[in-house]
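Presented below is the structure to which this report refers.
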Amino acid sequence: YTLRTLFPYTTLFRSLLLLGVFTFLPALNMIHYSFMEWNGYSSVKKWVGFANYEQIFKNPMYFKPLENSLYYFFGGLLQLVIAFYLAVVINTKIIGKNLFKALYFFPFLINGVAISLIFVFFFRPDGTLDSILKMLGVGSFIQQWLGNAHIVNFSLAGVSIWRYVGFNFIIFLGAIQAISPEVIEAADLDGANEWQKIKYITLPSVKKIVELNLILTVSGAISVYEIPLIMTGGSNGSNTFVIQTVNTAFKFQQVGLASAMGVIVLIIVGAATIIQNVYFKEAK
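Just so you know, the sequence shown maps onto residues 84 to 367 in the working numbering.
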């Protein structure tokens, strides 16, 4: 074997090694711990079988935070629509498109902690949002944006949309720009309008991107952590399943129970991915 022949395999092996050490091995350990009663630091681990899972399913308190994931899921769907719309607009012949690309993508480059702190000031009473509403003469719409349990999750989901829309925008834009110009020219010659070009050319071309982003939307909605933790601490009905899991592990020192919660999240994301793949296969 020559060095050129072996190089791809050595590269793949290194990647698989890192993936195994930092992804698969911790996942297997988590599954193993989910059958244990362990406080996280003691050398004594008690095997309890499915007792942790039984406790989770018998107590609705553990699944209550999953309801909040729906806000982020539907927010993620709205985010995909906005990102696709922006990508279509930027792909046209407009002045300063590179500036718009940078502006839309910039929020994704900001650290999540910094974004959360920025929006704490944005949403606080007499903060930026309230000032804007007063300036526009619609002060009657002023709310306790983070203190009202009925709207706090809408506020937090809005922050998530603002942060990640630029990421999806760049992915959609790359897929749209990869469409052959000859296909667009042929559509123009056939008299297709803009909507027909989007429906019959652009959307089929970004279908794989939509599939990927839907998987990321489901997993992201369930694994939301830093934004609600920093902005509200999970209070006022904004608690998420991951915050609940972390508190169970490190605050209440029930690592086995928290591991079982993590396994349940893994199962939910895996099931959603399989269902989605089956649906898109049947839709072809």
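Heads up, the beta-carbon is just placed ideally off N, CA and C, and yes, glycines get one too.
Report yes if the CB atom of A304 is closer than 9 Å to the CB atom of S152, and no otherwise. Yes.
Taking C-alpha atoms, which residue in T106, Y124, L101 and E137 lies nearest to M344? Comparing Cα-Cα distances from M344 to each of T106, Y124, L101 and E137, the minimum goes to E137.
Mind listing, in chain order, the continuous beta strand (DSSP E) runs of no fewer than 3 residues lying wholly within the segment 287 to 315? List check, beta strand (DSSP E) in window: nothing returned.
Residues in its own chain within less than 7 Å of P91 by CB, not counting five upstream and five downstream? In its chain, beyond the 5 residues on either side, no residue has a beta carbon closer than 7 Å to the beta carbon of P91.
Neighbour-count burial assignment, A166, 16 or more Cβ in a 10 Å radius: Only buried fits A166, as 16 or more other CB atoms lie within 10 angstroms of its CB.
Thinking C-alpha only, which one of T285, I310, I262 and P287 is nearest W245? Sorting T285, I310, I262 and P287 by C-alpha distance to the C-alpha of W245 places I310 at the top.
Local conformation of K129 per DSSP, three classes: DSSP, reduced to helix, strand and coil, places K129 within a strand of the structure shown.
Are any of the Cβ atoms in chain C nearer than 9 Å to that of L95? Protein chains in the displayed structure number just one, and chain C is not present.
DSSP on M113, reduced to helix/strand/coil? In the structure shown, M113 falls within a helical segment according to DSSP collapsed to helix, strand and coil.
CA-CA distance, I215 and F224? I215 and F224: Cα-Cα distance of roughly 11 Å.
Given a cut-off of 9 Å on the beta-carbon distance, is the pair F188 and F255 in contact? A distance of 9 Å or more separates the beta carbons of F188 and F255.
At which residues does the alpha helix (DSSP H) containing M144 begin and terminate? Counted as a single uninterrupted DSSP element, the stretch harbouring M144 is not any alpha helix (DSSP H), since DSSP gives it neither H nor E.
Closer than 8 Å by C-beta to N319: which residues in its own chain qualify, once you throw out the five before and the five after it? Chain order, please. Residues L229, G230, N231, A232 and V235 of the same chain have their beta carbon placed closer than 8 Å to that of N319, with the five preceding and five following residues left out of the count.
Around the Cβ of N181, are there at least 16 other Cβ atoms within 10 angstroms (buried) or fewer (exposed)? N181 comes out exposed.
Tell me the rounded alpha-carbon separation between F157 and G103. In a straight line, the C-alpha of F157 is about 33 Å away from that of G103.
Can you give the Cα-Cα distance for L219 and V329, rounded to whole angstroms? Between the C-alpha atoms of L219 and V329 there is a straight-line separation of about 41 Å.
Nearest candidate by alpha-carbon position, reference N174, set I357, L295, Y362 and T285: Ranking the options by Cα distance to N174, first place goes to T285.
For S288, which residues in the same chain have their Cβ closer than 8 Å to its Cβ, ignoring the five residues on either side in sequence? Setting aside the 5 residues that flank it on each side, S288 is surrounded in the same chain by A258, I259, A261 and I262, each with a C-beta closer than 8 Å to its C-beta; the list follows chain order.
My assumption, with CB atoms under 8 Å, is that A240 sits in contact with Y308. Please give the rounded CB distance. So it is not a contact: roughly 14 Å between Cβ atoms.
Along the alpha helix (DSSP H) that carries N251, what are the first and last residues, could you check? Start and end: V235 to Q260.
Unbroken alpha helix (DSSP H) run spanning V266, endpoints: Taken as a continuous stretch (DSSP letters only), the alpha helix (DSSP H) holding V266 covers P264 to L272.
Could you tell me which residues DSSP puts in a beta bridge with M119? Bridge partners of M119: W130.
Give the single residue among L163, V348 and Q336 whose Cα lies nearest to the Cα of S302. Among L163, V348 and Q336, the Cα nearest to that of S302 belongs to V348.
Contact set for G339: own chain, Cβ-Cβ below 6 Å, skip 5 residues either direction: Take G339, set aside five residues on each side of it, and the residues of its chain with a beta-carbon closer than 6 Å to its own are Y116, M119, E120, W121 and N135, in chain order.
Candidates T93, L95 and S243, of which the one nearest P190 by Cα: Closest by alpha carbon: S243.
Quick check on Y124: buried or exposed, where buried means 16 or more other Cβ atoms within 10 Å of its Cβ? Under this definition Y124 is an exposed residue.
Once you ignore the five residues that flank V196 on each side, which residues in its own chain have a CB closer than 8 Å to its CB? Spatial neighbours of V196 in its own chain (CB-CB distance under 8 Å, excluding positions within 5 residues in sequence) are listed in chain order as E309 and I313.
Counting along the chain, where does the alpha helix (DSSP H) carrying G195 start and finish? From DSSP, the alpha helix (DSSP H) with G195 extends over G195 to F206.
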